[in-house]
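Novice: Okay, here's the structure, questions in a sec.
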Amino acid sequence: MTIHVFSKPGCGKCEAAKDKLKKMGLDFDEHELSYHIEPHEGWREDGSVAVMAAHTLMDTMPIIRVGEEFHDYPGAMRKLKQMRQENTAAAS
2 MTIHVFSKPG CGKCEAAKDK LKKMGLDFDE HELSYHIEPH EGWREDGSVA VMAAHTLMDT
62 MPIIRVGEEF HDYPGAMRKL KQMRQENTAA AS
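Positions in the sequence shown are counted from 1; adding 1 to them yields this note's numbering.
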């Protein structure tokens, strides 16, 4: 599972989300949101279109992509907790 955190400098919730992911032992890639919400060369190819759409729809920070799904911070934590529970149940 790939996790991407789209954040901006000075965002307390962004830092809290990254700290929580680290405490959960999950690897993630961090991205500067401002790069992805402005059209730039290659913006269609690098996935920025999806980030821009998620930012417009959610209007919150940080935006966290778990696999191919975009979530706000609480939604991402719920999704990751659910996935962890499902993996634990499957392993039993």
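We put the beta carbon where it would ideally sit given N, CA and C, even for glycine. This one's a predicted model, so the numbers in the text were calculated from it and none came from an experiment.
Suppose the cutoff is 6 Å on Cβ atoms and the five residues either side in sequence are ignored; what does the same chain contact list for ARG66 look like?
Specialist: Around ARG66: HIS5.
Novice: Are there 16 or more other CB atoms within 10 angstroms of the CB of ALA55, so buried, or fewer, so exposed?
Specialist: It is buried - the Cβ of ALA55 has at least 16 other Cβ atoms within 10 Å.
Novice: With a Cβ-Cβ cutoff of 8 Å, do ILE64 and VAL50 count as a contact?
Specialist: Taking 8 Å as the Cβ cut-off, ILE64 and VAL50 do not qualify as a contacting pair.
Novice: With DSSP as the reference, please indicate the residues paired to VAL6 in a beta bridge.
Specialist: Answer by DSSP bridge pairing, in chain order: GLU31, ILE65.
Novice: If you follow the beta strand (DSSP E) that HIS72 is in, where does it begin and where does it stop?
Specialist: Its beta strand (DSSP E) spans residues 70-72.
Novice: Which runs of the alpha helix (DSSP H) spanning at least 4 residues fall entirely within the stretch 35-63, listed in chain order?
Specialist: Those alpha helix (DSSP H) runs which fall completely within the stretch 35-63 and span 4+ residues are 49-59.
Novice: Would you identify the three-state DSSP class for CYS15, choosing helix, strand or coil?
Specialist: If DSSP states are grouped into helix, strand and coil, CYS15 belongs with the helices.
Novice: Indicate whether GLY68 and THR3 have their beta-carbon atoms separated by less than 8 Å.
Specialist: In contact: GLY68 and THR3 (Cβ atoms closer than 8 Å).
Novice: Count the other CB atoms within 10 Å of the CB of LEU58; is the residue buried (16 or more) or exposed (fewer)?
Specialist: With fewer than 16 other Cβ atoms within 10 Å, it is exposed.
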